[in-house]
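Accompanying notes for the structure given below.
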Amino acid sequence: MKYQELLDLTADKFRRLTGVKPATFSKMLAILTMAHSIKKSKGGRPNCIEVSTMLLMTLAYIREYRTYFHIGTSYGISESYAYKLIKWVEDTLIKDGTFSLPGRTALLRSDQKPMVVLIDATESPIQRPKKDKSITTQAKRSSTP
């Protein structure tokens with residue numbers, strides 16, 4: 072679904088579909104558009120997907136926990152490109168700081184006790200050691216009778 076199709080929805084239906092209010096979506100879109108224009112001002116190949124579609128893909132990933140393969144198939148891109156775009160949107164919004172949550176120390180310094188604590192259990196890439204011939208130990212064959 073494209074962003075232009077979502078503009079016809081009411082605010083309640085928009086929030087049910089994306090997980091955020093239309094005003095919040097427009098703030099996110101403004102931040103991403105500015106970051107995208109700065110990124111592309113240095114040159115490079117233009118993206119085949121609009122910034123609003125990238126944001127919709129990210130919200131679908133977060134809200135529905137769809138796999139990158141499903142998201143890529145829905146938007147006509149590869150799985151790795153969907154991962155790259157979603158990661159860029161997440162990193163850009165975090166780097167901006169508008170939508171960042173306070174850290175653990177801010178909760179500890181606060182006078183009020185938190186009523187509810189949410190834990191994010193999203194998918195994160197794992198770094199695995201590279202296989203190398205020098206790392207592995209090769210055993211010599213012994214002659215067996």
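Quick note on this note's numbering: the sequence shown kicks off at 72 and runs consecutively.
Every residue, glycine too, gets a C-beta built ideally from N, C-alpha and C.
Notebook entry, point to check: So, are the CB atoms of V91 and M125 less than 7 Å apart?
Noted result: Cβ distance not < 7 Å, so V91 and M125 don't count as in contact.
Next item on the list: Entirely within the stretch 79-116 and at least 3 residues each: give me those beta strand (DSSP E) ranges in chain order.
Entry: Listed in chain order, nothing qualifies, since the stretch 79-116 has no complete beta strand (DSSP E) run of 3 or more residues.
Item checked: Where V187 falls, given that 16 or more other Cβ within 10 Å makes a residue buried -> Exposed.
Note to self: Tell me the residue span of the alpha helix (DSSP H) that contains G143.
What the structure shows: Judged by DSSP secondary structure, G143 falls within the alpha helix (DSSP H) whose first and last residues are Y139 to Y146.
Margin query: Count Cβ pairs between the stretch 78-92 and the stretch 141-151 that sit closer than 8 Å; are there 3 or more?
Written below: By the Cβ rule, the stretch 78-92 does not count as touching the stretch 141-151, because fewer than three pairs are nearer than 8 Å.
Margin query: Could you compute how far the alpha carbon of S171 sits from the alpha carbon of D182?
Written below: Rounded to the nearest angstrom, the two C-alpha atoms are 20 Å apart.
Next item on the list: Could you tell me if F96 is buried or exposed, where buried requires 16 or more neighbouring beta carbons within 10 angstroms of its beta carbon?
Entry: With 16 or more Cβ atoms within 10 Å of its Cβ, F96 is classed as buried.
Check: Hey, quick one: how far does the alpha helix (DSSP H) through V160 stretch, first residue to last?
Finding: Unbroken alpha helix (DSSP H) run through V160: E150 to D167.
Check: Along the chain, where does the alpha helix (DSSP H) that runs through V122 open and close?
Finding: From DSSP, the alpha helix (DSSP H) with V122 extends over V122 to E135.
Check: With 16 as the cutoff for other CB atoms within 10 Å, does I240 come out buried or exposed?
Finding: The first residue shown for the chain is 72 and the last is 216, placing residue 240 beyond what the model contains.
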